[in-house]
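This report concerns only the one structure given below.
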Amino acid sequence: MACETFYLPTVIYQGIGCFEQLGKVAASHGRKALLACGRHALRRAGILPRALELLSAAGVGCALYDQVEGEPTLPMVSQGIALARDQGCDLAIGLGGGSAMDVAKAVAGLLPLAGSPAEYLAGRKVERPGLPFIAVPTTAGTGAEATKNAVLIDPQQGVKTSIRHDSWFARAALVDPALTLHAPRAVTAAAGGDALCQAIETYVSIGASPITDALCEDALRRIGRSLVRVCEDGSDLAARADMLYGSLMGGMALANARLGAVHGMAHPLGFRYNIPHGVICALLLPHVMAYNLPYATAKYARIAEILGVNTSGMAAEQAAEAAVQAVAEINRRIGIPATLRGFGVPREDWPAIIAESLPSGSLKANPRPMQAEDVQAVLEMAIG
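When the letters of the sequence shown are read in order and numbered with this note's numbering, they come out as residues 3 to 386.
Right, here's the structure in full:
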């Protein structure tokens, strides 16, 4: 039997109200924080002002970088590093969704290193640990509070890929469902679609283990019963909690088992056609599942059960197909497009999309081996 590892050094603070521990937690890791977040939503919700109060009360200085908008980019990381160096920061905090957390994670990881962020995104080795990083998610989607990679866009090179290192796990994550109550429906749906996708992809990944399976099954149970519910009623705190914990557990699992073809294809498609990450992942998911059916039948059948499908009397193949339909129905109910048809993905771009997908580590972890013709087959399905 092969020896496998499950690694998660992050201290996780969880529960409604745990955000109030931010100052105390930050003070145990540094004296001045680079705080990365977006421009407006967290101010309006009162979350950013409260974060600044908590840090100040604990004697932690703060350099605010509130320019994280949309997908995380290398210029954001470079600006954050410059600010953190200028202000003498010795830790970084990501407050927000996956973009804010990935920017803060990259700032923390790269600030002490020589060379530009672009060099590391292009493959230069991260040789030593960076600054401490604290994650405070305010959306339920990427699970970035529990992963060791930062997914970044290089606008100059036209690529979206990851930098990763074992030391890039957050030292602490404050997972407070109340922080997600402000998220509008569109953000909730897109982020939730990503969380569902990550739990399913990790569950059937070639790197899956009994530990990651257990995490994914509970994540799927929570997301399956609460994603539609929270999109219909954003004030439902129990559903918000299910989604945030499901996202967290998906992140814990994927950090140790990897993902699949959806994420391998989502990066070039999302970047090229300006499709939000959660939307493109959710859109591709049922198509990739259908393509993978012969290679992950038993696990897809189990997913159908977890998502509430009555599989009694069904053969495994039928139950697996029912899982694909269950995911497609969730997408329909939360407003995710069923196909790529409306996004302007011309056939002449397909060779480039395929070429950009093939090097992905996620693609290599897919249960069905993926070559160029396989990526093309999924594109054919997704175009509709």
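A virtual CB, placed ideally from N, CA and C, is assigned to each residue, including glycine.
Check, Outcome
"Taking the DSSP output, what are the residues bridged to F135?", "A94"
"Got a sec, what are the start and stop residues for the beta strand (DSSP E) A175 sits in?", "A174 to V177"
"Using the Cα positions of G272 and V153, report the straight-line distance between them to the nearest angstrom.", "12 Å"
"What are the complete alpha helix (DSSP H) segments, minimum 4 residues, inside the stretch 175-250?", "187-206 and 212-234"
"Rounded to a whole number of angstroms, what is the C-alpha to C-alpha distance between M372 and G363?", "11 Å"
"Anyone know if the C-beta pair for G248 and A201 falls short of 8 Å?", "yes"
"Along the alpha helix (DSSP H) that carries C283, what are the first and last residues, could you check?", "H279 to N294"
"DSSP beta-bridge partners for Q16?", "V177"
"Can you give me the Cβ contacts of R231 inside the same chain, cut-off strictly under 7 Å, excluding the 5 residues immediately before and after it?", "D238 and A241"
"Looking only at DSSP bridge pairs, what is S164 linked to?", "V153"
"For K127, report the span of its alpha helix (DSSP H) as first-last.", "Where K127 is concerned, there is no enclosing alpha helix (DSSP H), given that its DSSP letter is neither H nor E."
"Check whether the stretch 100-119 and the stretch 145-164 touch, using three or more Cβ-Cβ pairs below 8 Å as the test.", "yes"
"Pull up the DSSP beta-bridge partners for L66, would you.", "L37"
"Between the Cα of V79 and those of A60, G48, P119 and D351, spot the shortest distance and give me the residue it belongs to.", "P119"
"Could you tell me the alpha carbon to alpha carbon distance between M3 and I213, rounded to whole angstroms?", "With a pLDDT of 49 at M3, under the threshold of 50, the modelled position of this residue cannot be trusted; read the value that follows with caution. Going by the C-alpha atoms only, they are around 15 Å apart."
"Per DSSP, which residues does T75 bridge with? Please list them.", "I155"
"If you follow the alpha helix (DSSP H) that P51 is in, where does it begin and where does it stop?", "I49 to A59"
"Could you please give the first and the last residue of the uninterrupted alpha helix (DSSP H) stretch that includes E333?", "At residue 333 the sequence reads Asn, which differs from the Glu that was named. Counting along the chain, the alpha helix (DSSP H) containing N333 begins and ends at A318 to I336."
"Tell me which residue opens and which closes the alpha helix (DSSP H) that P270 is part of.", "A263 to Y275"
"So, L176 versus V62, is the Cβ gap smaller than 8 Å?", "no"
"Would P114 and R173 be called neighbours here (beta carbons separated by less than 8 Å)?", "no"
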